[in-house]
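Read the structure below first, then the notes.
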Amino acid sequence: MDGRACVLIVDDEERNRTLIRVTLRDHYRTLEAEHGTAALELLQRELVDLVLLDVMMPGMTGFEVCKRVKVMHRDSFLPVLLITALSDQEQKNLGLQAGADDFLAKPVDRRELLLRVRAF
């Protein structure tokens, strides 16, 4: 532990996790999970300050993972930012229903990523 805030990056695509990790590594400690189950297991072992969560993943969608994260952390605020290529308002509404705190659009803009992470 180096005192920096910890961001959990959850995405089934290695290149997406790499892009986010490289963007954040000078400012934040990062952890990575390639699917929802791995993310939930990590959250039981590690102290995380923010979750960056892909929506479209095999197995468990980002919406389902978000709901479970919010239940696990109902006594403390753990912000979840959904990362999605979906621009449809219905998808955003589903994310908000699942407890998402904000959204990032794919492809992720590095500057916007840093600004939104810093905001939380």
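Position one of the sequence shown corresponds to residue 1032 (my numbering), numbered consecutively onward. Think of the CB as a built atom: it goes at the ideal place given N, C-alpha and C, for glycine as much as any other residue.
- Put simply, the stretch 1118–1125 does not touch the stretch 1048–1062. Fewer than three CB pairs are less than 8 angstroms apart.
- In this chain, the alpha helix (DSSP H) harbouring Leu-1127 covers 1120–1128.
- By DSSP's assignment, Leu-1039 forms a beta bridge with Leu-1062, Val-1082.
- Close CB contacts of Asp-1133 within its chain, under the 7 angstroms cut and outside five residues either way in sequence, are with Leu-1112, Arg-1147 (chain order).
- Here the alpha carbons of Arg-1141 and Ala-1070 stand approximately 23 angstroms from one another.
- Between Met-1087 and Gly-1067, the C-beta spacing is not below 8 angstroms.
- Relative to the Cα of Phe-1151, the nearest Cα in the group Gly-1034, Val-1139, Pro-1110 belongs to Pro-1110.
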